[in-house]
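*Asks:*
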Amino acid sequence: MQEQQAAYSPKHRKLVAVIGAHTHMFDIGLNQWSKLPGGRTLQAHDARTVFVYDSHTDTFLLMQAGRKSGEGALAGMSLTDGKWRSLQPDGPLPYARWSPGEGFYHPQHNVFVCHFPGKVWVY
């Protein structure tokens, strides 16, 4: 589907893609896509969310910035059980009225970094 986001786990040799409430996984060894069970209320969309793979905790992270303070959301999923969980970071989630932001996971510093107009958020 259009506007999905994807992140790769070298540990599992799997690519995970998210769009809306759906999560799909591509197994490199099998050369095959599969749909993972639901369980995520956070709606993934390239214009609203940032999706990364955290190699330190072996977790896929999906963050949505709110349109105003207090509206953001963060969820994580491990391929070990394939279940999404809401995460509660210390401090507020980022917000940006018009921009979804962009981000990356930095393995040397073990942080998820997101940039929004005029601000940076680190988890």
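Take 95 as the starting number for the sequence shown in our numbering and just add one per residue. In this text, a Cβ means the ideal position worked out from N, Cα and C, and glycines have one as well. Bear in mind the structure is a predicted one, so any value in this text is a computation, not a measurement.
Give the straight-line distance between the Cα atoms of residue 184 and residue 99, rounded to the nearest whole angstrom.
*Replies:* 25 Å
*Asks:* Please confirm whether residue 159 and residue 195 have their CB atoms less than 8 Å apart.
*Replies:* It is a contact, given that the beta carbons lie within the stated cut-off.
*Asks:* Quick check on the DSSP output: the beta strand (DSSP E) that includes residue 170 runs from which residue to which?
*Replies:* 167 to 171
*Asks:* With respect to the beta strand (DSSP E) encompassing residue 108, which residues constitute its N-terminal and C-terminal limits?
*Replies:* 108 to 113
*Asks:* Going by CA-CA distance only, name the one from 164, 152, 156, 162 that's closest to residue 180.
*Replies:* 156
*Asks:* Of the choices 165, 214, 129, whose alpha-carbon is the least far from that of residue 121?
*Replies:* 129
*Asks:* For the candidate residues 169, 108, 104, whose alpha-carbon lies nearest to that of residue 133?
*Replies:* 169
*Asks:* What span of residues does the beta strand (DSSP E) with residue 196 cover, start to end?
*Replies:* 196 to 200
*Asks:* So what's residue 189 in DSSP terms, helix, strand or just coil?
*Replies:* strand
*Asks:* So which of 189, 201, 95, 152 has the shortest CA-CA distance to residue 144?
*Replies:* 189
*Asks:* Please state whether DSSP places residue 182 in a helix, a strand or coil.
*Replies:* coil
*Asks:* According to DSSP, residue 158 sits in a beta bridge with which residue or residues?
*Replies:* Paired residues: 143, 167.
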